[in-house]
Amino acid sequence: MFGKPTLEGMKMAADDINAAGGILGKKIEIVEADNRGDKQEGASVTQKLISRDNVIAIVGDPTTGITKVAAPIAQKAGVLLISAGATGPGVVENGDFIFRNTLLDSVAIPACIDYFANDLKYKKVAIITSDNNDYSVGFSQTFRDAAKGKGITIVADEKIKDGDKDFSGQITNIKAKKPDVIFFSGYYTEGALIMKEARKQGVKANMFGGDGLFSPEFIKLGGSAVEGSMSALGFSPEQASPETAKFIEAFSKKFAGQVPGLFEAQGYDGVTMIADAIKRANSVDPKVFKDAMAATKNFQGVSGTITIRPGREPIKTPLCLLAVKDGKFALKAKVPVKMD
Amino acid sequence: MSFKKISALLLTAAFALTVTAGCKKKEEAPKAEAPKAAADTIKIGFLGALTGDTLPCSANRPWKG
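The listed protein sequences derive, respectively, from chains A and B. Every position in the first sequence, counted from 1, becomes a number in our numbering once 192 is added. Every position in the second sequence, counted from 1, becomes a number in our numbering once 11 is added.
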């Protein structure tokens with residue numbers, strides 16, 4: 193349930209803002225709408241939030257699919273919507289009331305490639321794509337595009353399918369090319385099995401992937417074979433900035449020792465970004481404060497520093513690169529993302 | 012009916028209409044205050060799954076779905 197952490201972050205943001213006197217003399221109230229993970233229900237409760245509850249803005253949904261259903265409704269009604277999690281296409285394209293505050297792969301991957309080339313001195317990358325997985329296909333293409341002109345050569349470009357168990361052929365091909373790192377754009381199950389085969393064949397390179405690898409199951413399935421494997425994420429509670437450290441401490445105090453993650457942080461930022469836009473616009477009218485939201489620059493959020501670019505897509509820094517160490521994901525590096 | 016009687020009837024009717032309108036105006040007054048009270052709060056909606064099956068793809072990354 194990714195709604196719960198998002199909601200907890202939102203509630204905490206509202207409490208913090210209200211404790212500091214509110215915005216333009218008004219208190220913030222969070223109105224909950226449970227879409228039960230269903231697109232039809234998502235459309236229905238979005239309509240209710242707007243017409244029955246008279247919300248002026250919506251934070252959500254964390255998924256691309258339901259955000260794509262809710263966004264046209266919000267746009268038509270002139271209510272600002274900011275998704276705190278959707279990374280797929282078809283979200284902000286709905287119009288000038290629609291935003292998101294999550295780090296996109298198209299922004300994260302170039303930053304990772306710079307880090308690999310400049311800090312880790314990687315020169316050769318092998319790519320593995322799951323070609324029956326749209327996300328993997330798109331993510332690999334993002335990587336290929338971003339690698340151009342960065343001094344990194346793609347020495348192998350292998351294909352698998354989600355659900356495959358035998359990767360001996362692909363690893364044999366990759367082994368011959370001696371890559372510095374294996375970029376896998378798919379999910380943790382296949383990722384773990386690929387790395388087991390890689391170690392079996394004596395491949396020394398570690399795996400790198402997106403949040404599709406970030407799961408305890410990746411470590412459980414892969415065991416020692418995934419030690420050193422890396423996953424790029426938009427948030428880590430480790431090495432926190434002063435703003436993030438304050439948020440983590442207060443969150444843990446409020447929610448019985450719970451350490452906040454990506455969704456709690458992005459839910460929190462969704463509300464504080466709306467409050468910031470209202471304050472700068474000096475108006476609670478979405479038609480007015482949407483322009484202030486679009487002009488957001490270097491906003492010091494708890495999930496990073498956020499700038500909204502033309503097209504209402506965010507750019508955030510830093511990117512958190514996590515690596516498996518002693519059987520757990522741990523922060524390897526905070527990679528700066530270019531904000532211009 | 013004399014002109015005076017007609018005038019008296021018209022005046023009475025006009026008075027009654029004025030009183031009725033005044034009453035209606037008083038009845039509507041609380042409705043006008045409701046938006047003002049609501050405007051003291053900024054309502055922000057949360058849209059997400061709190062119950063049900065959230066997952067079109069993997070349990071760890073439904074946001075890609």
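Even glycine gets a Cβ: it sits at the ideal position worked out from N, Cα and C.
Neighbour flag for residue i against chain A, beta carbons, 7 angstroms
i, result
"Ala60/B", "yes"
"Gly56/B", "yes"
"Glu39/B", "Unreliable positioning characterises Glu39/B in this predicted model, as indicated by a pLDDT of 40, which lies under 50. The coordinate reading is nonetheless provided below. Judged by the 7 angstroms Cβ criterion, Glu39/B is not in contact with chain A."
Residue-chain proximity (residue i, chain B), Cβ-Cβ < 7 angstroms
i, result
"Pro321/A", "With the sequence shown as reference, residue 321/A is identified as Thr, and Pro is not the correct amino acid for it. For Thr321/A, the answer is no, since every Cβ of chain B falls outside 7 angstroms of its Cβ."
"Ala464/A", "The question names Ala, but residue 464/A is Thr in the sequence shown. Not an interface residue."
"Ala334/A", "Note that residue 334/A corresponds to Thr in the displayed sequence, not to Ala. No, no contact with chain B."
"Gly503/A", "no"
"Asp253/A", "yes"
"Met399/A", "no"
"Ala249/A", "yes"
"Ala525/A", "no"
"Ala212/A", "no"
"Lys219/A", "yes"
"Val223/A", "yes"
"Asp226/A", "yes"
"Gly270/A", "no"
"Gly195/A", "yes"
"Ala522/A", "no"
"Thr198/A", "yes"
"Val476/A", "yes"
"Met485/A", "no"
"Leu425/A", "no"
"Leu241/A", "yes"
"Gly361/A", "no"
"Val516/A", "no"
"Met202/A", "yes"
"Gly229/A", "yes"
"Ala338/A", "no"
"Ala262/A", "yes"
Member of the options whose CA lies at the smallest distance from the CA of residue i
i, options, result
"Leu295/A", "Phe410/A, Tyr307/A and Gly402/A", "Gly402/A"
"Phe308/A", "Phe375/A, Lys369/A and Tyr380/A", "Phe375/A"
"Val317/A", "Phe400/A, Leu514/A, Ala417/A and Val463/A", "Phe400/A"
"Ser433/A", "Arg391/A, Thr255/A and Lys526/A", "Lys526/A"
"Glu350/A", "Glu200/A, Ala300/A, Ser475/A and Ile363/A", "Ile363/A"
"Ser167/A", "Ala300/A, Asp311/A and Glu233/A", "No answer is possible for residue 167/A: it lies beyond the span of chain A, which begins at 193 and ends at 532."
"Pro281/A", "Lys446/A, Ile320/A, Asp326/A and Ile248/A", "Asp326/A"
"Arg175/A", "Gly414/A, Phe194/A, Glu200/A and Val418/A", "There is no way to answer for residue 175/A, as the model of chain A reaches only from 193 to 532."
"Ser322/A", "Val247/A, Thr497/A, Glu441/A and Ile386/A", "Ile386/A"
"Leu523/A", "Val529/A, Leu514/A, Met531/A and Lys530/A", "Leu514/A"
"Gly252/A", "Asp226/A, Asn310/A, Gln393/A and Phe406/A", "Asp226/A"
"Pro478/A", "Gly378/A, Ala269/A and Gly201/A", "Ala269/A"
"Ser407/A", "Gly378/A, Gly394/A, Asn398/A and Ala390/A", "Gly378/A"
"Phe330/A", "Ile498/A, Ser475/A and Ser298/A", "Looking at the sequence itself, residue 330/A is Gly, so the reference to Phe does not match. Nearest option by C-alpha distance: Ser298/A."
"Ala205/A", "Lys482/A, Ile440/A and Lys313/A", "Ile440/A"
"Ala50/B", "Thr381/A, Thr238/A, Lys231/A and Ile248/A", "Ile248/A"
"Gln267/A", "Phe291/A, Asp245/A and Thr256/A", "Phe291/A"
"Ser328/A", "Tyr380/A, Ala339/A, Glu435/A and Gly214/A", "Tyr380/A"
"Gly414/A", "Ile274/A, Asp356/A, Gly519/A and Pro528/A", "Gly519/A"
"Lys357/A", "Gly341/A, Lys340/A, Lys367/A and Ala390/A", "Ala390/A"
"Val373/A", "Gly217/A, Tyr314/A, Ile242/A and Gly493/A", "Tyr314/A"
Sub-7 angstroms separation of residue i and residue j beta-carbons
i, j, result
"Thr488/A", "Ile500/A", "yes"
"Pro254/A", "Gly59/B", "yes"
"Ala469/A", "Ala484/A", "yes"
"Lys369/A", "Ala348/A", "yes"
"Ser495/A", "Ala437/A", "no"
"Pro429/A", "Phe443/A", "no"
"Gly462/A", "Asn293/A", "yes"
"Thr198/A", "Phe447/A", "no"
"Gly234/A", "Ile265/A", "no"
"Ala278/A", "Leu511/A", "no"
"Phe289/A", "Lys482/A", "yes"
"Lys260/A", "Thr52/B", "no"
"Lys471/A", "Ile250/A", "no"
"Thr238/A", "Ala262/A", "yes"
"Ser421/A", "Asn398/A", "yes"
Presumed contact (8 angstroms Cβ cut-off) between residue i and residue j, rounded CB distance
i, j, result
"Gly383/A", "Phe410/A", "6 angstroms"
"Ile167/A", "Ile55/B", "The requested residue 167/A does not occur in the structure, where chain A is confined to residues 193 to 532."
"Glu419/A", "Val283/A", "Contact flag wrong, Cβ pair sits at about 36 angstroms."
"Ala417/A", "Lys396/A", "Rounded, the Cβ-Cβ distance is 12 angstroms, inconsistent with contact."
"Ile346/A", "Ile319/A", "6 angstroms"
"Phe491/A", "Met465/A", "6 angstroms"
"Val480/A", "Ala486/A", "That pair is no contact at about 11 angstroms."
"Phe57/B", "Glu224/A", "5 angstroms"
7 angstroms Cβ cut-off: residues of chain C touching residue i
i, result
"Thr488/A", "Among the protein chains in the structure shown, which are A and B, there is no chain C."
Could you give the uninterrupted runs of the beta strand (DSSP E) lying entirely in the segment 284-324 of chain A, keeping only those of 3 residues or more?
290-292 and 316-322
Which residue spans inside the segment 219-253 of chain A form an unbroken alpha helix (DSSP H) run of at least 4?
231-243
Extract the residue ranges of the beta strand (DSSP E) inside the segment 397-470 of chain A, only unbroken runs of 3 or more that lie entirely within it.
398-401 and 422-425
Quick one: which unbroken alpha helix (DSSP H) runs of 4-plus residues sit fully inside the segment 368-401 of chain A? Chain order, please.
380-392
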